[in-house]
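Everything on this sheet refers to the single structure shown next.
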Amino acid sequence: MGIALHAIEGRSPGYWGLLGALGALTALGLAGAWYMEHHGHVVTGMTNQIVWGVPHVFAVFLIVAASGALNVASIASVFGRTFYKPLAPLSGLLAIALLAGGLMVLVLDLGRADRLVVAMTHFNFKSIFAWNIFLYTGFFALVAVYLWAMLERRMNRYAAAVGFGAFVWRLVLTTGTGSIFGFLVARAAYDSALLAPLFIALSFSYGLAAFLIVLLAAYGWTGRELGAAVLARLKNLQIVFVAAALYFVAVYHLTNLYLAKQGAYVRFILVDGGVYPLAFWGGQVLLGSLVPMALLAHPRLGATRGAIAVAATLVVLGGLAQMFVTIVGGQAFPLELFPGFAESSTFFDGEAHRYVPSAPELALGVAGIAVAGILVALAVKLVAFLPARLGDPLADSA
Amino acid sequence: MKPVDPTRRQFLAAAGGAVSILTLAPGVLLLAPAHGRAPDQPVTGKVRWGLLIDTTKCAAGCADCVAACNRENGLSGGTRPTDPQWIRKVELKDRRPGRQASLPMMCQHCAQPPCVDVCPTGASFKRADGIVLVDKHICIGCRYCMMACPYKARSLVHEPVTGQSPDVPRGKGTVESCTFCVQRVDRGETPACVEACAAARHGAMVFGDLNDPASEIARRLAAYPSTRVRADLALDPGVRYQGI
Amino acid sequence: MAGRAVFAGLIFATALGAGWALAQERTAAAGRVPKPALAQAKGDKCVDPTDFMRRNHMQVLLHHRDRTMHEGIRTPQHSLKGCVECHAGPQSGTVVGGSDDFCQSCHAYAAVSIDCFECHAARPRQARAGARKP
Ligand code: SF4
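Residue numbers (numbering that gives the first Met the number 0), protein chains in the order written: chain C, 0 to 397; chain R, 0 to 243; chain H, 0 to 133.
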């Protein structure tokens with residue numbers, strides 16, 4: 000490797016300010032989690048109808064993004080594109096950080112978060128959730144070894160092999176995450192084999208967006224050199240990923256449209272479900288996909304860092320909107336027990352379920368992102384993850 | 000309560016010491032379970048408990064079963080979106096001719112329960128006699144079973160609980176649902192809802208052993224057509240409906 | 000069976016607590032830690048010797064819990080409900096809540112938290128008329 004990696008200095012007021020802000024967000028989220036734990040889920044917006052709320056929106060988003068964040072590394076070592084090689088360690092680091100943030104949110108939202116040890120000692124191997132526990136811990140381990148192989152000179156020759164393992168693992172992991180929903184055959188929203196590939200497409204897009212944000216921030220704030228060609232390639236990749244994700248979303252809804260029994264659900268999500276169609280069309284499609292694609296593809300704007308940063312941020316926000324539509328919207332649509340009958344009951348059968356998130360659960364969700372940010376910020380200070388300069392000639396010759 | 004053979008009671012009291020004298024009193028029926036299982040013998044798959052609901056006898060607006068369930072299991076009876084409901088009355092109206100029906104909906108005690116498949120810890124389980132339960136000692140409150148249940152039968156306990164029944168432990172942060180009143184079934188009684196429905200002379204519910212061809216439920220199922228809710232999912236529910 | 004591994008952890012914690020309690024015994028003798036003041040139980044003896052129960056009630060309860068939960072065995076011996084029926088304080092009517100209540104006083108002394116009564120009733124069922132006397 001012809002490019003030296005260096006830890007950042009991490010002594011500027013800006014750096015401490017960033018850490019302080021992220022730390023404050025984390026503290027708020029932990030306080031929210033403690034409050035939920037103490038009083039029970041009655042202090043959230045979640046109910047017996049909407050059982051997974053905003054914490055799952057953030058957690059699933061982060062977990063999906065985590066596997067996608069590894070892409071840059073995979074492209075470098077699996078597909079042998081040396082161009083991306085200097086960026087690979089940062090990509091692995093980000094993957095670990097995002098996964099840690101997501102899992103923290105998931106765990107703290109449990110009804111009995113104090114029983115984490117039960118989750119680690121009792122397994123029902125028929126449960127996709129239980130497999131995911133292994134997929135997540137395995138991912139941590141594999142990426143850690145992968146990072147070691149990339150950063151330690153004597154281990155370099157194993158990097159490609161471990162990188163390949165991590166790449167396969169991440170595909171399985173995202174399939175597992177998508178299947179958490181895909182296996183819920185009883186619900187109109189999730190009864191689709193398309194969810195697993197859809198989640199993989201989403202992970203590519205979310206992961207790269209998160210990577211771009213971190214990359215631009217790290218290089219912009221430390222004043223290191225970042226070549227235009229590096230960015231150009233990454234942003235083109237981002238356009239492709241967003242388009243692919245959009246394609247899968249379109250296929251998912253179109254196949255649903257084709258099935259008569261799914262018609263009511265599709266109408267709900269796309270037309271008359273209130274906040275969900277809004278989040279879908281406005282958040283996911285317009286702000287989260289079309290606007291960023293246009294920004295990135297624009298011949299003049301697309302070359303500016305500001306536009307790339309805005310586009311990547313929009314992809315992240317669109318991703319959160321998408322998770323909201325998929326997770327909360329999917330539950331808001333009532334289960335149909337007796338097709339052909341109008342149903343009503345004290346348990347809200349037959350009606351769309353309401354959900355208004357409360358402050359503690361929102362704080363917990365945001366804390367997942369903050370924790371990921373803290374991990375990255377600390378790691379790049381303590382360990383040499385970032386190339387000191389990433390000018391174009393160097394990146395090209397690497 | 001059924002009379003109990005005094006000699007047997009004394010025998011058990013002697014064998015079990017002071018504690019059995021005291022605890023036996025409320026639970027004397029332990030000694031004479033209707034299904035013939037000795038109190039110290041585990042449940043077996045020879046029995047499969049089932050419930051048949053005749054919707055033609057179930058009146059709209061009647062909620063005797065719901066009230067009995069709440070009383071037996073110590074539920075508040077509240078109907079906020081966060082309140083647990085183990086059994087609820089669902090009112091149906093056919094969209095075309097407008098025919099109406101009313102029926103109780105609860106855990107259907109599936110032979111292939113999705114809540115058991117998805118539970119990461121194995122807390123959601125099916126007893127050998129077909130009763131689907133949550134072992135709250137190992138439930139982590141992930142609510143995946145609530146996502147998986149097609150019948151919306153499960154509730155999360157959203158708040159701290161006090162004043163539980165000694166037979167029905169319940170607590171914040173764990174998931175629960177209809178147990179077929181397992182504590183009653185184990186003493187040879189029928190679920191509280193069934194008893195209440197019979198006591199009010201509606202007779203819309205029949206509880207019994209689906210595996211026993213001589214039981215009333217098996218005979219009625221053999222003689223008349225019945226419906227499984229969400230039969231398309233092929234979960235083989237233990238609760239069946241007639242008249243819809 | 001379910002619960003075993005977690006329970007190993009619990010036992011470990013309990014052992015730590017017990018060790019701590021023993022270490023405190025001397026100071027307790029000097030009166031710094033109040034000795035558990037156990038309310039009188041009903042009946043004249045426990046289902047097992049007191050020494051055994053003192054050390055092993057948690058395993059015994061755990062074993063019975065799994066048998067009740069999964070196998071429907073509700074024999075009174077070793078059931079938590081049975082414990083509560085005998086040991087609820089004559090005045091307070093419960094096993095936790097006050098410093099003399101049976102479970103609480105000892106657990107406070109040994110510094111081991113009890114999780115049982117968040118879900119389980121700490122009071123016996125109200126005596127139904129005529130149902131109590133054999
Ligand atoms: S909420 Fe409890 S019973 Fe339901 S799936 Fe999760 S751990 Fe299992």
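All C-beta atoms in this analysis are idealised placements derived from N, C-alpha and C, irrespective of residue type, glycine included.
The C-beta distance from Leu-102/C to Tyr-135/C rounds to 6 Å, short enough to fall under 8 Å.
Taking 8 Å as the CB threshold, Val-117/R lines the interface with chain C. For Lys-135/R, a Cβ of chain H is located within less than 8 Å of the residue's own Cβ. Judged by DSSP secondary structure, Arg-64/H falls within the alpha helix (DSSP H) whose first and last residues are 49-70.
At least one C-beta of chain R is nearer than 8 Å to the C-beta of Arg-124/H. With a cutoff of 7 Å, Pro-119/R counts as near ligand 1, since its C-beta is closer than that to a heavy atom of the ligand. Within the model, the alpha-carbon separation for Met-292/C versus Ala-200/C is close to 15 Å. By a beta-carbon distance limit of 8 Å, Leu-197/C does not contact Tyr-189/C. Their separation comes to about 11 Å. Not one heavy atom of ligand 1 lies closer than 7 Å to the C-beta of Ile-132/C. For Leu-61/H and Pro-83/R, the gap between their C-alpha atoms comes out near 27 Å. Pairing Ile-212/C with Ala-331/C gives a Cβ-Cβ distance that is not under 8 Å. Annotated three-state conformation of Thr-43/R is coil, per DSSP. For Ser-343/C, the pairing in a beta bridge is given by DSSP as Glu-90/R. Membership of Ala-23/C in the alpha helix (DSSP H) is indicated by the continuous run 12-38.
For Ala-99/C, DSSP assigns no beta-bridge partner whatsoever.
For Arg-114/C, the nearest beta carbon of chain R is closer than 8 Å to its own beta carbon. Under the DSSP assignment, Arg-156/C falls outside any alpha helix (DSSP H); it carries neither an H nor an E label. Val-116/C is not a Cβ neighbour of Leu-141/C, given a cutoff of 8 Å. DSSP places Pro-386/C in the strand class (E or B) of the three-state scheme. Annotation note: the region 60-132 of chain C contains the following uninterrupted alpha helix (DSSP H) runs of length 4 or greater, listed N- to C-terminal: 70-76, 87-107, 115-120. At least one heavy atom of ligand 1 lies less than 7 Å from the C-beta of Ala-122/R.
Excluding five sequence positions before and after Gln-182/R, the CB atoms of its chain that fall closer than 7 Å to its own CB belong to Asp-166, Val-167, given in chain order. Relative to the non-hydrogen atoms of ligand 1, the Cβ of Ile-7/C never comes closer than 7 Å to any of them. The DSSP-derived three-state label of Met-45/C is coil. Residue side-chain check: Arg-142/R places its Cβ nearer than 7 Å to a non-hydrogen atom of ligand 1. Distances between the C-beta of Ile-130/R and the heavy atoms of ligand 1 are all 7 Å or more. Only Ile-139, Gly-140, Cys-141, Arg-142, Tyr-143, Met-145, Met-146, Ala-147, Cys-148, Pro-149, Tyr-150, Lys-151 from the region 139-151 of chain R bring a Cβ to less than 9 Å from some Cβ of chain C. If you ignore the 5 residues before and after Gly-170/R, its C-beta comes within less than 7 Å of the C-beta of Lys-135, Val-156, Val-160, all in its own chain and listed in chain order. At least one CB of chain H lies nearer than 8 Å to the CB of Val-42/R. If you ignore the 5 residues before and after Gly-49/R, its C-beta comes within less than 6 Å of the C-beta of Leu-209, Ile-216, Gly-237, all in its own chain and listed in chain order. Look at Ile-307/C here: in three-state DSSP terms it is helix.
Nearest Cα to Leu-389/C within the set His-55/C, Val-59/C, Phe-82/C: Phe-82/C. According to DSSP, Ile-52/R shares a beta bridge with Met-204/R, Tyr-240/R.
The Cβ neighbour count for Pro-103/R, taken over all protein chains shown within 10 Å, is at least 16; the residue is labelled buried. Among the bridge pairs identified by DSSP, Met-105/R is matched with Ile-86/R. Taking 8 Å as the upper bound for CB-CB distance, Val-42/R and Asp-116/R are not in contact here, some 21 Å apart.
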